[in-house]
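Shown next, in structure tokens, is the structure this report addresses.
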């Protein structure tokens with residue numbers, strides 16, 4: 003016998019926790035929490051994901067190298083979102099050019115074009 | 117003649133399913149698991165493109181996304197979440213049956229249950245939800261009708277529905293790919309291919325199926341719940 007075998011009781015417990023969290027997130031959508039609705043929904047989803055990854059997908063019991071690969075996946079996703087938002091959220095910071103000549107004027111003024 | 121005898125001894129020293137390029141059964145198992153996770157990392161980024169652009173467009177058209185979200189049927193969304201997580205449980209139990217050295221019949225029973233739950237999910241998605249969306253003119257490109265009660269947010273509601281159909285569509289496509297794989301696993305289980313020592317195909321199928329489950333775990337709040345339901349029902 004090799005490899006870790008997760009007892010059935012653990013699987014049932016995780017399934018029960020996932021059901022409770024599903025009910026919680028659905029219920030939370032009917033309560034007006036203002037700004038907090040989305041963070042709460044995402045926190046519950048992240049908790050569910052961690053339970054599935056650790057127990058259903060056996061990440062808790064797997065080799066350290068595989069665990070690094072799993073973390074890499076989330077790291078690359080964070081990079082993808084962070085760099086997209088770094089562009090998207092800073093677009094209104096500077097003056098907005100309406101034409102190519104207007105853009106040249108802005109770049110000349112900012113001493114980015116010589 | 118003696119060579120053949122030695123070769124025969126050699127073959128019997130290894131458990132069935134053990135490939136000669138690996139040192140140990142553990143190493144073979146870990147290689148298969150890590151290889152599958154490398155594939156799943158690419159899958160995370162595949163869906164990540166959609167999730168990333170969802171974030172950008174929801175920030176741009178916040179009100180339109182709330183209106184769109186509230187037009188989805190939360191009952192079907194929640195029911196499908198339960199069905200899909202249930203299918204993840206049966207998948208985990210199928211792998212457990214193999215790992216614990218249970219009979220092929222038990223492995224097959226859990227696999228077939230997983231397939232049935234997956235099929236129920238797809239049936240609800242396509243026949244109840246998408247069909248209703250079509251009749252309510254909510255499919256962009258297929259006679260989408262912007263309603264006057266949406267006021268200024270109206271013109272951008274189709275953007276939410278583009279995300280809804282592409283995200284749930286790509287997710288459903290993954291399930292449509294997953295079900296034939298599960299059928300192959302059921303067939304392999306019926307031929308007694310899996311046991312306590314060798315069950316990598318089953319384990320990797322499980323990793324894929326659980327990944328698809330996780331995608332839905334995020335799609336459900338992002339599509340069905342973000343609108344806030346307190347004012348609508």
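Chains as they are written, first to last, in the working numbering: chain A, 3 to 116; chain B, 117 to 349. Beta carbons are placed, not taken as given, at the ideal position from N, Cα and C, and that holds for glycine. All values derive from a computational prediction rather than experimental measurement.
Look at residue 108 of chain A: its C-beta is not under 8 angstroms from any C-beta on chain B.
Taken in chain order, the whole alpha helix (DSSP H) runs of length 4 or more contained in the stretch 136–220 of chain B are 141–176, 178–186, 190–215.
Under the 8 angstroms criterion on CB atoms, residue 92 of chain A is classed as non-interfacial with respect to chain B. Using a CB distance cut-off of 8 angstroms, residue 146 of chain B counts as an interface residue toward chain A.
The beta-carbon of residue 299 of chain B is placed no less than 8 angstroms from the nearest beta-carbon of chain A. The Cβ of residue 224 of chain B sits no closer than 8 angstroms to any Cβ of chain A. Excluding sequence positions up to five before and after residue 209 of chain B, its CB lies within less than 8 angstroms of the CB of 226, all in the same chain and listed in chain order.
Excluding five sequence positions before and after residue 292 of chain B, the CB atoms of its chain that fall closer than 8 angstroms to its own CB belong to 238, given in chain order.
When secondary structure is reduced to three states using DSSP, residue 222 of chain B falls in the helix class. In chain order, 61 place their CB closer than 6 angstroms to the CB of residue 72 of chain A, counting only its own chain and leaving out the 5 sequence neighbours on each side.
For secondary structure counted as the beta strand (DSSP E) over 3 or more consecutive residues, the stretch 69–112 of chain A holds no complete run. Of the other Cβ atoms in all chains shown, fewer than 16 fall within 10 Å of the Cβ of residue 88 of chain A; this residue is therefore exposed. In this structure, residue 204 of chain B keeps its C-beta atom at 8 angstroms or more from the C-beta atom of residue 313 of chain B.
Non-local beta-carbon contacts of residue 336 of chain B in its own chain, meaning distances under 6 angstroms to residues more than five positions away in sequence, involve 193, 197 in chain order. The Cβ-Cβ distance between residue 20 of chain A and residue 53 of chain A falls below 8 angstroms. By the Cβ neighbour-count rule, residue 157 of chain B is buried, with 16 or more other Cβ atoms within 10 Å of its own.
Counted as a single uninterrupted DSSP element, the stretch harbouring residue 313 of chain B is not any alpha helix (DSSP H), since DSSP gives it neither H nor E.
Chain A has a Cβ within less than 8 angstroms of the Cβ of residue 215 of chain B. Excluding the 5 residues flanking it on each side, residue 290 of chain B has same chain C-beta neighbours closer than 7 angstroms at 328, in chain order. Between the beta-carbon of residue 333 of chain B and that of residue 235 of chain B there is about 20 angstroms, and that puts the pair past the 8 angstroms contact cut. In the three-state scheme derived from DSSP, where H, G and I count as helix and E and B as strand, residue 241 of chain B is classed as helix. In the DSSP annotation of this structure, the continuous segment of the alpha helix (DSSP H) that includes residue 303 of chain B starts and ends at 273–306.
Proximity of the stretch 15–34 of chain A to the stretch 319–326 of chain B falls short of the contact definition, fewer than three beta-carbon pairs being nearer than 8 angstroms.
Setting aside the 5 residues that flank it on each side, residue 164 of chain B has no residue in the same chain whose C-beta is closer than 6 angstroms to its C-beta. The residue among B:141, B:300, B:172 with its C-alpha nearest the C-alpha of residue 91 of chain A is B:172. In the same chain as residue 132 of chain B, and ignoring 5 residues on each side of it, the C-beta atoms closer than 7 angstroms to its own belong to 314, in chain order. For residue 11 of chain A, the enclosing alpha helix (DSSP H) stretches over residues 10–30. By the Cβ-count criterion, residue 23 of chain A is buried, with 16 or more other Cβ atoms from all chains shown falling within 10 Å of its own Cβ. Less than 8 angstroms separates the beta-carbon of residue 277 of chain B from that of residue 254 of chain B. For residue 78 of chain A, the nearest beta carbon of chain B is closer than 8 angstroms to its own beta carbon. Residue 346 of chain B places its beta carbon 8 angstroms or farther from that of residue 37 of chain A. Close to chain B, meaning a Cβ-Cβ distance shorter than 7 angstroms, are the following residues of the stretch 59–84 of chain A: 59, 64, 65, 67, 68, 71, 72, 74, 75, 78, 79, 82, 83. Annotation for residue 249 of chain B: the continuous alpha helix (DSSP H) segment containing it runs 247–251.
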